[in-house]
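The numbering of the sequence shown is numbering that gives the first Met the number 0, which starts it at 0 and goes up by one. Below is one structure, written out as C-alpha cells, with a few remarks after it.
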Amino acid sequence: MTTASHNESAVGGTAEARHRVIAIDGPAASGKSTVARRVAESLGFLYVNSGAMYRAITWQALDQGADCSDRDAVLALLESTEFTCEESDGAGVIGLNGAVAGDEVHGAEVNANVSRIAAYPEVRDRIFEVLQAFPKKADVVMEGRDIGSVVFPDTPYKFYIDASPEIREARRRAQGLEDSIADRDRQDSTRKAAPLMIADDAEVIDSSHLGVDDVVTAVRERLAAKGVDEAKSV
Ligand code: CDP
Numbered sequence: 000m001t002t003a004s005h006n007e008s009a010v011g012g013t014a015e016a017r018h019r020v021i022a023i024d025g026p027a028a029s030g031k032s033t034v035a036r037r038v039a040e041s042l043g044f045l046y047v048n049s050g051a052m053y054r055a056i057t058w059q060a061l062d063q064g065a066d067c068s069d070r071d072a073v074l075a076l077l078e079s080t081e082f083t084c085e086e087s088d089g090a091g092v093i094g095l096n097g098a099v100a101g102d103e104v105h106g107a108e109v110n111a112n113v114s115r116i117a118a119y120p121e122v123r124d125r126i127f128e129v130l131q132a133f134p135k136k137a138d139v140v141m142e143g144r145d146i147g148s149v150v151f152p153d154t155p156y157k158f159y160i161d162a163s164p165e166i167r168e169a170r171r172r173a174q175g176l177e178d179s180i181a182d183r184d185r186q187d188s189t190r191k192a193a194p195l196m197i198a199d200d201a202e203v204i205d206s207s208h209l210g211v212d213d214v215v216t217a218v219r220e221r222l223a224a225k226g227v228d229e230a231k232s233v
C-alpha cells in the first residue's frame, strides 16, 4: 500500500448530478479489465475497477493476519477502516485509511481469498457505497461482477464480456499469475449476495476468439448507437 499523495484528488464531493455509467461485467480473466480501461481512455471517462477494491480489502485482511474465513475478524477490520474514493492515474480507486493498494493485490494469496471476502454482504455494502459515489463526479466505465445487475441496474449501457474457461485459464497463465479461476468462478456464481450473472439487458460479447481491439471496437460501436461518444465536461 502507498499513502494517497496530494495529486490523487478525492472523488465524490457534493455534486448531485448523476453522470453516465458504462457497466462491464464478466468472469475472471475474460479480458474485461483491459477492455474497460481502453474504452474509458478512448471516451475520456473515469475507469473504475471494482474487483481491485475487493482485492484491496483482502490484501489488508491478509496483511493484518486476519483469517479470511473468520467473518467476525473481517467485520472487525471493516469497522476499523475508513473507506474513501480517490482518483489516481485516470482511475477511480478505493482508499483504505488513506492508503491506495498497489500491484500486491494481484498476488496468489489474494487470488485464493478474494472471493471468500467478496461473499460477505457487509463487505459488498461498503464497496457499494464507494462505487455509487464515482458517477456523482464524472462519467465512468466500471467493471466487475455485479455492476449492471446490482450496483447500477438502471444504466442503459451494460456489457458482459465472456470467454471459454480454457481460454481464460490460458490468458491468466500467460500473465504469469497463480490464480484458480475455476474456483473463483464457482464461488462468485454461487454466493447469495450479488452473484455473478448476466443482466437481462446486457450486451454479451464472447471474446474467446477476438483481440482486445476487436472487443473495444464492438463496445464502442454499441455505445455510439446509443449516442455515447465522449465524456460530458465536468
Ligand atoms: O480481474 P479478475 O477477473 O481476476 O477479477 P477481479 O475483477 O479483480 O475481481 C476479483 C474478485 O473480486 C472476483 O473473483 C470476485 O470475487 C470479486 N468481485 C465481486 O465480487 N464483485 C465485483 N463487482 C468485482 C469483483
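We put the CB at the ideal spot given by N, CA and C, even for glycine.
Not one heavy atom of the ligand CDP sits closer than 7 Å to the Cβ of tyrosine 156. Counting only residues of its own chain and dropping the five nearest sequence neighbours on each side, glycine 43 has a CB closer than 7 Å to the CB of Glu229, Ala230. Taken from the Cβ of serine 114, at least one heavy atom of the ligand CDP lies inside 7 Å.
In chain order, Tyr53, Ile56, Val73, Leu77, Ile116 place their CB closer than 8 Å to the CB of valine 122, counting only its own chain and leaving out the 5 sequence neighbours on each side. When distances are taken from the beta-carbon of tyrosine 53 to the heavy atoms of the ligand CDP, the shortest one is below 7 Å. Between the alpha carbons of leucine 130 and threonine 189 lies a distance of about 23 Å. In the DSSP annotation of this structure, the continuous segment of the beta strand (DSSP E) that includes valine 20 starts and ends at 20-24. Within a 10 Å sphere around the beta-carbon of arginine 172 sit fewer than 16 other beta-carbons, which makes this residue exposed. In this structure, the CA atom of aspartate 213 is about 30 Å from the CA atom of lysine 136. Distances taken from the Cβ of aspartate 102 to the heavy atoms of the ligand CDP include none shorter than 7 Å. Boundaries of the beta strand (DSSP E) harbouring alanine 90: 90-95, taken from the DSSP string. Valine 218 has its alpha-carbon roughly 34 Å from the corresponding atom of glutamine 59.
Not one heavy atom of the ligand CDP lies closer than 7 Å to the C-beta of alanine 39.
DSSP assignment within the stretch 120-191 yields the following whole beta strand (DSSP E) runs of 3 residues or more, N-terminal first: 139-143, 156-161. The residue among His18, Cys84, Arg221, Ser49 with its C-alpha nearest the C-alpha of lysine 157 is Arg221.
DSSP, read as helix, strand or coil, puts valine 227 in coil. Separation of glutamate 142 and glycine 89 (C-alpha to C-alpha, rounded to the nearest whole angstrom) is 15 Å. Proximity to glycine 64 across Ser49, Tyr46, Asn112 peaks at Asn112, based on C-alpha coordinates.
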